[in-house]
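Chains as they are written, first to last, in the working numbering: chain D, 2 to 433; chain G, 2 to 433.
Protein chains: 2
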Amino acid sequence: MSSGLEINVGLMGLGVVGGGVAATLVEQADVLSRKIGRPVKLKKVLVRDRTKPRAAILPKALITTNPEEILGDPAIQIVVEVIGGIEPATRYLTDALTAGKHVVTANKEVMAKHGPELMSLAQQKGVNLLFEASVGGGIPIVGCLMNELLANDVHSIRTIINGTTNYILTRMAHHRTDFRQALREAQEHGYAEADPTNDVEGHDAAYKLAILATLAFHTRVRPEDIYCQGISGLEAQDFRYAQELGYAIKSLAIATLADGAIQARVYPALVPQDHMLAKVDGVYNAVEVEGSLAGKVLFHGMGAGRGPTTSAVVGDLMDIARRLGQERRPVPAVQLHNHLRVEPIDNLESKYYLRLNVSDRPGVLAQIARILGDGTISIASVLQKDADPAKQTAQIVITTHPAREASVQQALRLVAALPVVQQVNNLLRIEE
Amino acid sequence: MSSGLEINVGLMGLGVVGGGVAATLVEQADVLSRKIGRPVKLKKVLVRDRTKPRAAILPKALITTNPEEILGDPAIQIVVEVIGGIEPATRYLTDALTAGKHVVTANKEVMAKHGPELMSLAQQKGVNLLFEASVGGGIPIVGCLMNELLANDVHSIRTIINGTTNYILTRMAHHRTDFRQALREAQEHGYAEADPTNDVEGHDAAYKLAILATLAFHTRVRPEDIYCQGISGLEAQDFRYAQELGYAIKSLAIATLADGAIQARVYPALVPQDHMLAKVDGVYNAVEVEGSLAGKVLFHGMGAGRGPTTSAVVGDLMDIARRLGQERRPVPAVQLHNHLRVEPIDNLESKYYLRLNVSDRPGVLAQIARILGDGTISIASVLQKDADPAKQTAQIVITTHPAREASVQQALRLVAALPVVQQVNNLLRIEE
């Protein structure tokens, strides 16, 4: 098929993922050429520090610290960016596209914040910008939203998209460890960073959700449009009570479309135990897309790590290489034509799980129930648990029927002000 | 993007799927045009019987009974075939490709039997042949094997790929119904045909597995290379015993690659209850691909029906339309360069579940164990169940450690010949 002319690749970044990409391009060169129909050659690799020891397989002549040796080389048709972070990555991506090069990136932060501008630059230059590796590692969700599932109007995307938090919550659920202990274990296994804020507070998930929602709804969704609640407020008893009520607790990143508006949020939520998302354990990720034609399609796989991310990056690279003719051709780009509104979390309609620490005496529940009733929040179930005779306190766990977030927050402020309520421990949404 | 020139589509077949495709192309014309970047127009629809009542939305002038009005019309760039069956579909597909038209088909039988010839014809003519809808309905597994996961060497594909059998097995497992009753229910719900042979005996799954294995291993795998065992031999007690041993029973279509050879088979098997595949219920399908880079990626969704199949067909159509320039261009095709051997089932290495009806008296197990031992088949567990004092019989359920299929079959013949063995009820593999 097509010509035997080789395709030259410039790789920017040689960390965990860059190393995997380089190794695959070099070690698997023959297999890749057969699958693509023509040879792909790694022509140059950008690193920050030339003196750092590298895998022996890369000839020294390939390594450079000067980005211009990639961006300014007309023989390089495809640039792969796996540096991460906003700068200098954004500048490199912009320069590569401007120079008419196809681009593959694994950069979720750049794609979440500047994706639409970069996509439109790519379209204007008649080149491809692919970013499968920016979300979900080895799960091919970006490509499927752009291609295989494109015939659908997407109604919702429900995801477990951060492996660190899912590992921590899985430990807390199955081993009764508390949050700090589970976080420590995640750090020991290399699943969490020394400063875990980005994962634990939901920012990483919000970047990924912004990318998926933008593709799914053909509307720009920005990370700052997404409500974020972290998992550090969860305690062992939340898992116990949730289980008793028939639920698992998972940190979900969800975007839904209703009445022409998008609702996008990241938070720990209760999920029915028999739901597929409840069964996603450890560092695995899952994405459930509900489409107008396909119905619910769920993807499950490893969301991070050298292998899965390399699978996504090299897959994108092969996609471009297989379609690369000798002349430049018009390129299909994602159309962001919908311009839908992204709603504030206040407008969310959900069921809720509420855990309170209260004085253990008669009439307390009545006071709380009255406030909820005044706010037209209907109670679905109440558990009174773990009375502490010494402190004369008890736990009250309330689940509600669907209610509006703003009403629930307002009622909660009044509940918290009751003299009999020692503490509002947790407010979680129930996703069914 | 690109030109505003419209793309003309010829649709062959207007049954359940054809009706869905036609409705989507007509009713969603605006949305599709925006997503594609140029208008797509349904120009002609081939039907067998012009007098049959049709949805009002299709103008009469679009309907024809003459295939030449599609195959011979140079203005039609994309042909969609949803007739099903081998002929005349194979001839139409061949003629369309020969005429230089891009083709989208939902035809699993044709693609399983003649896919490689048609793919090579398409490549030679510089056109696309896409067939996402031939396997797994709304699950985008064909596209992902051809594109998103292409960087991986695939080690295995494990699937639940026939909704009819999965519905029947789910009923048998959860409602203790027997096979005939569950089949009747499936027929009442429209999930099984009046003659259910094709589904129940595994032929439908074998067609789909042949397609997936061919793509995954870059080697032609023919339906007749695939060992097929149906589900009609399963009885209620198999589900009870399996559950007791910690397993679910699922009809799996599996292709694995080891030592340079492919092993492909369709059979009911025991799957550990906590495996994701054990949790696939009802008419849902699932496909688990294990790749060298991505690890295990699981896809779960609706494997049949008008909506999901339309999602796949229209997705393929949009893929072609989005990439269609004004001139013909070289096309990436699947390379079948591996030429691997497909092994007979005799060489399978597996754990086994064996259920026997035996005389309920001392020494029986010893006789059976001796035969298995002589065949170097190592026993993992034995259950003696459901003694019937009237008939003086009991059930023996044996699970084994990994053994070779040929040895197990040989031992089973000897066991069946023992005077104390009334019947060999079932031999199932255990997939872990």
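Built from N, CA and C at the ideal position, the CB exists for glycine as well.
Asked                                                                                                                                                                                      : Found
Please say whether D/Ile-255 and D/Tyr-354 have beta carbons closer to each other than 8 angstroms?                                                                                        : no
Span of the beta strand (DSSP E) holding D/Arg-307?                                                                                                                                        : No beta strand (DSSP E) contains D/Arg-307, which is instead part of the alpha helix (DSSP H) from 307–324.
Which runs of the alpha helix (DSSP H), 4 residues or longer, sit entirely within the stretch 185–252 of chain G?                                                                          : 198–201, 204–218 and 237–245
By the 10 Å Cβ neighbour count, where 16 or more other Cβ atoms means buried, how is D/Glu-406 classified, buried or exposed?                                                              : buried
Take every Cβ of the stretch 234–253 of chain D, pair it with every Cβ of the stretch 366–378 of chain D, and state whether three or more of those distances are shorter than 8 angstroms. : no
Measuring alpha carbon to alpha carbon, tell me which of D/Leu-246, D/Val-111 and D/Ile-169 ends up nearest D/Lys-386.                                                                     : D/Leu-246
In chain D, which residues lie with their C-beta within 7 angstroms of the C-beta of G/Gln-336?                                                                                            : Arg-35, Lys-36 and Gly-38
Pick helix, strand or coil for D/Arg-39, following the three-state DSSP scheme.                                                                                                            : coil
If we define contact as Cβ-Cβ less than 8 angstroms, is G/Arg-329 a contact residue for chain D?                                                                                           : Because G/Arg-329 carries a pLDDT of 46, less than 50, the predicted location of this residue cannot be relied on, and the following value inherits that uncertainty. Chain D, which has no Cβ nearer than 8 angstroms to the Cβ of G/Arg-329, makes this no.
Who pairs with D/Leu-131 in a beta bridge, going by DSSP?                                                                                                                                  : D/Val-105
What is the C-beta distance between G/Gln-274 and G/Ala-249, in whole angstroms, given that I count them as a contact (C-beta under 8 angstroms)?                                          : 6 angstroms
I believe G/Val-41 touches G/Ala-322 by the beta-carbon criterion, under 8 angstroms. Please report the beta-carbon distance rounded to the nearest angstrom.                              : 5 angstroms
Would you check if there are 3 or more beta carbon pairs closer than 8 angstroms linking the stretch 278–289 of chain G to the stretch 158–168 of chain G?                                 : yes
Between G/Leu-43 and G/Val-27, how many whole angstroms is the CB-CB distance? I'm expecting something under 8 angstroms.                                                                  : 6 angstroms
Check whether the Cβ of G/Ala-62 lies closer than 8 angstroms to any Cβ atom in chain D.                                                                                                   : no
Where does G/Gln-393 land, buried or exposed, given buried means 16+ other C-beta within 10 angstroms?                                                                                     : exposed
Can you pull the chain D neighbours of G/Lys-280, defined as C-beta to C-beta under 9 angstroms?                                                                                           : Asp-275, Met-277 and Lys-280
Which residues, in order along the stretch 295–309 of chain G, keep a beta-carbon less than 9 angstroms from a beta-carbon of chain D?                                                     : Ala-295, Gly-296, Lys-297, Val-298, Leu-299, Phe-300, His-301, Gly-302, Met-303, Gly-306, Arg-307, Gly-308 and Pro-309
Using beta-carbon positions only, say whether D/Val-81 and D/Leu-130 come within less than 8 angstroms of one another.                                                                     : no
Hey, how far is the Cα of D/Glu-328 from the Cα of D/Ala-174?                                                                                                                              : In this predicted model, D/Glu-328 has a pLDDT of only 45, less than 50, meaning its place in the structure is not dependable; the value taken from the coordinates is given anyway. Whole-angstrom Cα-Cα distance: 56 angstroms.
Put G/Glu-289 into one of helix, strand or coil per three-state DSSP.                                                                                                                      : strand
Can we say the stretch 92–103 of chain D touches the stretch 107–123 of chain G, given the rule of at least three CB pairs closer than 8 angstroms?                                        : no
Who pairs with D/Lys-45 in a beta bridge, going by DSSP?                                                                                                                                   : D/Gly-11
So what does DSSP say about G/Ser-379, is it helix, strand or coil?                                                                                                                        : coil
Please confirm whether D/Gly-144 and G/Glu-194 have their CB atoms less than 8 angstroms apart.                                                                                            : no
When DSSP labels each residue in this structure, what does D/Gln-436 get in the three-state scheme?                                                                                        : Limits of chain D in this structure are 2 at one end and 433 at the other, which puts residue 436 of chain D out of reach.
Verify whether the separation of the beta carbon atoms of D/Val-201 and D/Ser-233 is less than 8 angstroms.                                                                                : yes
Quick one: measure Cβ to Cβ for D/Ile-77 and D/Ile-71, integer angstroms, because I've assumed they're closer than 8 angstroms.                                                            : 6 angstroms
For chain D, check one thing: does any of its Cβ atoms lie closer than 8 angstroms to the Cβ of G/Ile-315?                                                                                 : Per the sequence shown, residue 315 of chain G should be read as Val rather than Ile. True, the Cβ-Cβ gap to chain D drops below 8 angstroms.
Is DSSP giving G/Glu-88 helix, strand or coil here?                                                                                                                                        : coil
If you measure from the beta carbon of G/Ala-259 to each beta carbon in chain D, is any gap under 8 angstroms?                                                                             : no
How would you label G/Val-332, buried or exposed, when you count the other beta carbons within 10 angstroms and need 16 or more for buried?                                                : Any reading at G/Val-332 must be qualified, since the residue scores a pLDDT of 47, below 50, and its modelled position is unreliable; no value is offered.
Does the beta carbon of D/Gly-164 come closer than 8 angstroms to any beta carbon on chain G?                                                                                              : no
Considering only residues of the same chain and omitting the five flanking positions on each side of D/Asp-226, which have a CB-CB separation below 7 angstroms?                           : Ala-265 and Val-343
Based on DSSP bridge pairs, tell me the residues matched to G/His-301.                                                                                                                     : D/Leu-299 and G/Ala-287
Determine the chain D residues that contact G/Gly-144 at a beta-carbon separation under 7 angstroms, and present them in chain order.                                                      : Asn-148 and Glu-149
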